[in-house]
Structures are given as structure tokens and as C-alpha cells.
Amino acid sequence: MRYLILLSALLCVAFSPALATNAHISVSHVDGLYAPSALEADGAQLVTFFIHFNNDGIEHMRGPNNGFHVFSPDGVSWTTMTYRKLATIDWSTNFMFFFMTPLSITGSGADTIGFGGTGGQFPMIGIPGEFNDTVYALTIGPLSQADHGKVICIDSCFYPVSGAWKWAGGIVDSVLLGDRFPTWTGPHCYTLIDNAAIGQCLVPDPLVIKLETEEGNDPTGVTLDVDVFDTEDPLDFELTKNQSWLHLSVSSGTTPASITVSASVAGLTIGEYRDTIVVAAAGADNSPMNVEVVLNISEVLDAMPFWGFGMYATDGNQAPEDTLIVLARDGISQIPFEVSTSEDWLTLTPSSGTTPETLTVKSEGRGLAPSVTKVYTSDIILTPSAGGVEPLIVKYGLRIKDLVTEIREIENPSLPQNFRLSQNYPNPFNPSTTIRFAVPVQTHVELSIYNILGRHVATLVNTVLSAAEYEVEWSGVDEHGGPVASGVYFYRIAGDTFSETKKMVLLK
């Protein structure tokens, strides 16, 4: 008779909206399953874990550096571990200089694999925006029948090559976006099953308990079920743990039983804490069993967008306003906080509040010099007014660009007799084009760009000019210095007694 184990193989963690909708990594499926949370151990079985990437953002993210390790808390060993890329993405154009680094392939302790890549200096190479597919496969085995009842897990790990588990920020128009630290849905743990000789085994559910909270608040308790499979005979069991912050509602019982696992965070600072609950029962083939407990104490404050701002303005113009939403990590707590910035050209209104709160972000770019290389940066510092929590810092970057290089007067021995607007050249163009026009008398002149829907894009000239011929260059950016999309555009000149419109095409 075949028996199924129904353990929690996938333990999802509740994150704040800012994190949950940004980027995450998961195990999409497993080859070699005996049941949803069990692996078949027949002496020849290979098991493959498939790693899934989800980049919910619109920007490309460069340098995917992620570490994973496959391990057994019960001492299961294997002789083979392989890893490969999957053909779900164009690796040649998206993951440039991709490499995989095996840090340990021994089958004992933990086999650790680092996946890394870099986009080099190319701004649009990396994990594509809105990418959602399976990218890696990790295979281990064979799994021995002698390990019946033992456990194998796959989890994220610190990746020494990059020094962090992250996706490096992409670059949009020379502005570096903030790094992303994708959330991980594991660890994922599976029990080994030998169909030929099923013995009486303990079944703790789940095998990994995650306790998530903010500093100063005890986490919600989690239920740990202890039962047996392949027999209806009950087993007496005992529970032991090491850390004083970890609490169990009972220390012993008889299967089936449910135990509440909780924690006290008094005296603990922000960070991750771990302990192991040992479940032991005389007569069980797999006794003792280990249940890993991870307590994560996080900052109280969160923000959307948490990775920061990349804004543009043109010389003489204020950058567009934006909003910063400040909220609690749990999404419901009301936390008082204060706002400060490191530069006087950046302001936020209001200067204090209680979560959830929406701040108006303004940057006064009119006093900053334009530059093709310099990005003006400032920290937006959100400091909780109570609780002693570390401030949350949101990065703000502002680039000032020249909308028009200059209005150049064309030398001509004779003055023009009429207003005239010439066809731009080159046309189509990329990345810039030149527009010539003639003014026969001193007058106020306005030269503006519109898209195909008639919406204003940019004003290139808005001043009084003497009688002469002129030319200006448009570099395909809008009023705030941001690049516009490919398409048809119209440029219109208007004077006191004259106006004319012509069409041009931007091709990228």
C-alpha cells in the first residue's frame, strides 16, 4: 500500500506591498516527487528543483546574484549535483557574462550554488522588466532507500561572490536605479519515502517555521502538528529547543497533537534568529526529527517606492512632483515618524506624519547646473518618533539636462524677407535633429513640439528674437528631460503675425 505525506513544502512569507509586488524567487516545481512534500528514494532517483524568477517592475535589473543551497538536517547524502540554465530567456542579450559557481559539491552538510551575472556597461541587459518564468534547474541524487523518513531542503544562502543576495540596479538614461533584494518563498523541505519498506515515521508539519515581526512586537504564534504515517498506532513524543526567546505550548505529547510555537522579542534587535525544535519518539524509524525555526525582526517603517526615485529636469525648470507612501511593514500599524533630507533643493510635505502617510516630493532643479554625467543625489530619511528603530533611507536622484543646446544665429549677408520654417534634418532622426527658421523682424517667437495626439511635449524657443535666420537642436526629450518614444511628432513656430507646423519622425 502506498502512503502519502502531506507536509508543507512551500512556506510563503507575508511581506508588505512594497516588497511583495517588486521581485521574488521561488521553486516552481520539482521532478522526483513521491507526494506534494515527499521525494521518492529508490536508490536511483534523481531530483531536480526548478528556480523561478518574477520581476514585477518595468525596469531591467542587472547583475542577478543569487545563492542557493541544498542540504539535509538528517545527514542525507548524494553523489551528484548538477545545475543548468533553462531556455526560457535569451541569455545572450539579457544575462551577459553569466556564470555559476559551485561552492561545495559534497553531498554532506550543504551543497551551495551561486548564480551570478552582470550586464557590464550596457543599460538594458539584465533581468527584463515584467519577466516571470523559470530560469535555473538544480539536480541532486541518487537518493538512497536507507534514508527513508529523512528530510532534504533547498534554501537561499549568502552568496560570497557578490557579498549579497540581490539583483543589481539597472540604468535608465544614465541614472542608476536602486538595487533590489528579491524575496524568497522558501525554505522548501521534503521527506524521503522508500516505497518498498515503509516504516513508522514521525511527521512534523511544517518542517520550517518562520516567525515574522517588527521590533518591539511579538510575532503571531504558529501551529506545529506532530503525527505519524503508515500506521494508526500513536506515538509518545518529546520536544526540546535551545533559545530562551522560543516558546512551546507543551514539551511532550502523544500523536496526533498540535503545539503552538511562539517567540518573545524583548531584548532582541533587528535581525534574524534561528533555533531548532527536536521532535523525538521511541519506535519511530526517523526519530529524532528537526523543525527549523527562523525569527525575523524587521524595521517598522516601509516605503513605496522603497528603492528610490530617478527624476529628470531641464535647465531652468522644476522637476515633476512625485509621491512617497510611508507605511508600516505589517501594513496596519500606526507609527509616528519624521522626515528629513540631506539637500536643501529637495523638500517633502508634510515633514512628519503617522503611517500610512503620503508625502509630496519636490525637487527645485532651477538652481542646479545641467550635466550629462552628474546626478544630484539626496537621502530621504524617515525616522520613527518612537520605538528606537533604525531610520529608513530612500534614495533620490535628480539629473538636470539641457533641453536645447543653444539657439544659433546663421550668418547671412541679407536679412530674411518673410517668416519661414524649414523641414528638420535629418528626418527621420535618432537621437537628435536640427530645426531652422527665419524671422524678418524683431518679435516674440515660440517653437514647440507636440506628439501625434496633439499633446505638448517640449518648448524649444520662447523668447524675443531679432531679424535673422536661426537653428536649434532637439535631442528627443520632453519638457523634463526624459526621453520620448519613437513615433511621429509635430513642431510648430508662432510669432505675432505668423505660425506654421511641420511633421518629423523619431526612430529608435
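Residue numbers (the working numbering): 2 to 509. C-beta atoms are modelled at their ideal positions from N, C-alpha and C, and glycine is treated no differently.
6 Å Cβ shell around residue i - same chain, five flanking residues per side excluded
i: residue 50; result: 28, 31, 139, 155
i: residue 341; result: 382
i: residue 48; result: 33, 40, 141, 142
i: residue 501; result: 422, 494
Residue range of the beta strand (DSSP E) that includes residue i
i: residue 287; result: No beta strand (DSSP E) contains residue 287, which DSSP labels as neither H nor E.
i: residue 400; result: 393 to 402
i: residue 522; result: For the chain, the structure presents residues 2 to 509; residue 522 sits outside this window and is missing.
i: residue 497; result: Per DSSP, residue 497 belongs to no beta strand (DSSP E) and is neither H nor E.
i: residue 187; result: Note, residue 187: premise wrong, no beta strand (DSSP E); not H, not E.
i: residue 24; result: 24 to 32
i: residue 254; result: 253 to 255
i: residue 384; result: 377 to 385
i: residue 85; result: 81 to 86
i: residue 420; result: Here residue 420 belongs to no beta strand (DSSP E), and DSSP marks it neither H nor E.
Cross-strand partners of residue i (DSSP beta bridge)
i: residue 168; result: 65, 181
i: residue 475; result: 434
i: residue 364; result: 347
i: residue 480; result: For residue 480, which the question treats as bridged, DSSP gives no partner whatsoever.
i: residue 298; result: 214, 272
i: residue 152; result: 192
i: residue 46; result: 144
i: residue 264; result: 247
i: residue 336; result: Its beta-bridge partners do not exist; DSSP assigns none.
i: residue 411; result: 470
i: residue 205; result: 227
Where residue i falls, given that 16 or more other Cβ within 10 Å makes a residue buried
i: residue 70; result: buried
i: residue 457; result: exposed
i: residue 18; result: Residue placement at residue 18 is poorly supported in this model, since its pLDDT is 27, which falls under 50; the coordinates still yield a value, given next. Per the 10 Å Cβ criterion, exposed.
i: residue 454; result: exposed
i: residue 411; result: exposed
i: residue 203; result: buried
i: residue 364; result: buried
i: residue 123; result: For residue 123, the pLDDT reaches just 48, beneath the cut-off of 50, and the residue's location in the model is therefore unreliable, although a value from the coordinates is still provided. Burial call: exposed.
i: residue 8; result: Confidence at residue 8 is low in this model, with a pLDDT of 25, below 50, so the placement of that residue should be treated as unreliable; the coordinate-derived value is given next. It counts as buried.
i: residue 128; result: buried
Chain-order list of residues whose beta-carbon lies under 7 Å from that of residue i (same chain, five-residue window excluded)
i: residue 22; result: In this prediction, residue 22 scores a pLDDT of 38, lower than 50, which makes its location untrustworthy; the coordinate-derived value is nonetheless stated afterwards. Cβ neighbours of residue 22 beyond the five flanking positions: 57.
i: residue 508; result: 429, 431, 487
i: residue 335; result: 355, 356
i: residue 10; result: Below a pLDDT of 50, predicted positions are generally treated as unreliable, and residue 10, at 25, falls in that range; no measurement from the model is reported.
i: residue 511; result: Nothing can be reported for residue 511: it is not among the residues displayed for the chain, which extend from 2 to 509.
i: residue 369; result: 346, 377, 401
i: residue 289; result: 279, 280, 281
i: residue 379; result: 342, 343, 344, 347, 397
i: residue 424; result: 503
8 Å CB neighbourhood of residue i in its chain, flanking five on each side removed
i: residue 152; result: 73, 74, 75, 77, 190, 191, 192, 193, 208, 290, 291
i: residue 419; result: 439, 441
i: residue 443; result: 465, 466, 467, 468
i: residue 241; result: 252, 278, 279, 281
The stretch 469 to 481 touching the stretch 432 to 441, judged by at least three CB pairs closer than 8 Å: Yes, they touch.
Decide if the stretch 297 to 316 is in contact with the stretch 342 to 351; the criterion is three or more beta carbon pairs, one per stretch, under 8 Å apart. no
Sufficient close CB pairs (3 or more, under 8 Å) joining the stretch 290 to 302 to the stretch 207 to 217: yes
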